[in-house]
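Here the structure comes first, spelled out in structure tokens, and everything after it is commentary.
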Amino acid sequence: MLSNKPKQNASGQLSQLVRLGPLLAIILLSLLAAAVFCFSALAATPDCWRQATTPRALEFEGSTSAGPLQRFLHQQDFDGAGKLALYPPDSEIALASLIAWPLSDGMGLAAPFFVRTEPLDTDYDGFTDQLISTDFRGRVWLTEVTATGFGAPLLLADLTHSDWRFIAGAGIADVSLPLPLRPDGLSGRHRLLLLVARSIISGEDALIALRMPGIATTAEPVGFDALFDRTLLTAEERESGMSHDQWLAIIDNAGWWVRLAGQLTQPPKVVAGVIYSAVATSDFNAIECADQTAEHSLVAMHLHSAGLVYNQRRFRLLSGEGRLTLQQQADGSAALVLDNTDEQQLVLSELKMISPACPDCAEQLMLDQFPRWLKLATYRQETGAH
């Protein structure tokens, strides 16, 4: 007598597929919609919005005798969507790749990665253990990474906004807030992710500082409306400085954002808790990007509050050609210069650094005070900068 088990199994599998059919259809349609958005977004994006990316060298803990393990992180497109791949130094075959990302409404594809993925060393042992990835729409993920592959990404923020697209990053600042300046419940030591968003309407840029949680969290992802708008400073703040209550209101938010009334022509530079940005104020729009020969100004803002460090936020630049660099003066103080192949333009002669004495206190930055200034002036790590 023949058994009916095979027929029963086939019938059970078929009924299971029928039950899962609507769910599978929803997943496929979501992936298709994400892919369609990515293609349409790229089609409408000027080439100059996107900078060329090169593989990024990462180091992981290896055996004591062999030293650290090196891997190369490739930031790629997968059918118009964001993808990360991890390669060994001696092979063109990827060890692992990541193409599925958690979104606010489930798993799906990321928009392309215009912002360079940032490695993190969370335990300060000298090796990479996490990655921060930001896609074109403004979704920010935290991903565990090892020498052999990627962990499951966690969606930290969904900064999606109809007017803005996220095109670049300005690094991660590792900061420390002294107790008198720290709101209740905020960790004294945390990281700020600095991002550049561009308006699809006007072509102007915005600078965004997003506070990252000290540990992985499953809390609701941060939205754009959770950022404090610091574009306009009140007359009272300009005249009398920032009050303690205003400081706490800003610091207690998920971060801040500022319209720059222009377009960045080089990455912002963090020096001693101050963000300096060379901004083209002419010859830019949503189709054509400004270059360094346009009219420029230098924008200087407090790292934590986007407030005043000097008596004004904006300084005139004769041109934007060159790179912003530090220069030590004869008395040990620091100057900011715009250095190019033909000439050197003095931008600010007496640089300031932020001070923990009050929310917007500042003092002169002296480069001969080693190693204090070095801790404050590093581009990636602002350890010790309140």
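The numbers in the working numbering rise by one with no breaks, and the one at position 377 of the sequence shown is 381.
Where a beta carbon is used, it is the ideal one built from N, C-alpha and C, also for glycine.
Length of the line joining the Cα atoms of N289 and R318: Between N289 and R318, the C-alpha separation is close to 21 Å.
Terminal residues of the beta strand (DSSP E) in which W261 lies: Taken as a continuous stretch (DSSP letters only), the beta strand (DSSP E) holding W261 covers 259-263.
Segment limits, alpha helix (DSSP H) that includes I255: First-last of the alpha helix (DSSP H) with I255: 248-255.
Element boundaries [beta strand (DSSP E), containing S244]: From DSSP, S244 is part of no beta strand (DSSP E) but of the alpha helix (DSSP H) over 239-244.
Beta-carbon gap between W251 and L231 smaller than 7 Å: Taking the C-beta atoms as reference points, L231 is found no nearer than 7 Å to W251.
Buried versus exposed call for D364 [16 or more other C-beta atoms within 10 Å across all chains shown]: Classification for D364: buried.
Under 7 Å between C-beta atoms of S337 and M305: Result no, Cβ atoms of S337 and M305 do not sit closer than 7 Å.
Residue environment, Q79, which counts as buried when at least 16 other CB atoms sit within 10 Å: Around the beta carbon of Q79, a 10 Å sphere encloses 16 or more other beta carbons of the protein chains shown; the residue is thus reported as buried.
D434, DSSP secondary structure in three states: With the chain represented from 5 up to 390, any question about residue 434 goes unanswered, as that position is not in the structure.
Segments assigned beta strand (DSSP E), at least 3 residues, entirely inside the region 145-226: Those beta strand (DSSP E) runs which fall completely within the region 145-226 and span 3+ residues are 158-162, 168-180, 193-203, 209-216.
Beta-carbon proximity of L90 to A104, cut-off 7 Å: In terms of Cβ geometry, L90 and A104 do not form a close pair [threshold 7 Å].
Start and end residues, beta strand (DSSP E) containing M357: Unbroken beta strand (DSSP E) run through M357: 356-358.
Alpha-carbon spacing of P106 relative to E224, whole angstroms: Their backbone Cα atoms lie some 12 Å apart in a straight line.
Outcome for Q267 when other beta-carbon atoms lying within 10 angstroms are tallied against a minimum of 16: Buried, because 16 or more other Cβ atoms sit within 10 Å of the Cβ of Q267.
Alpha carbon of G25 to alpha carbon of G112, nearest angstrom: For G25, the pLDDT reaches just 48, beneath the cut-off of 50, and the residue's location in the model is therefore unreliable, although a value from the coordinates is still provided. G25 and G112: Cα-Cα distance of roughly 18 Å.
Alpha carbon of A284 to alpha carbon of R186, nearest angstrom: A straight line joining the alpha-carbon of A284 with that of R186 spans about 35 Å.
Run of the beta strand (DSSP E) containing L62, from where it starts to where it stops: Start and end: 60-64.
Segment contact, 8 Å Cβ cut-off, at least three pairs: the region 164-176 with the region 123-141: Yes, they touch.
Exposure of I171, with buried meaning 16 or more beta-carbon neighbours within 10 Å: Label assigned to I171: buried.
Close-in-space but distant-in-sequence residues of the same chain around H248 (CB under 7 Å, 5 per side omitted): Cβ neighbours of H248 beyond the five flanking positions: P363.
DSSP-derived helix/strand/coil call for A230: Here A230 sits in helix by DSSP.
Residue nearest to S203 in terms of C-alpha spacing, selected from T150, E240, A265: Selected option, being the one with the closest Cα: A265.
Close-in-space but distant-in-sequence residues of the same chain around L124 (CB under 6 Å, 5 per side omitted): Cβ neighbours of L124 beyond the five flanking positions: Q134.
Counted within 10 angstroms of its Cβ, other Cβ atoms place A156 as buried (16 or more) or exposed: The residue in question, A156, is exposed, as its Cβ has fewer than 16 Cβ neighbours within 10 Å.
Bounding residues of the beta strand (DSSP E) (the contiguous stretch that carries P123): Annotation: the continuous beta strand (DSSP E) that includes P123 extends over 122-124.
Cα-Cα separation, W145 to R234: In this model, W145 and R234 are separated by some 25 Å (Cα to Cα).
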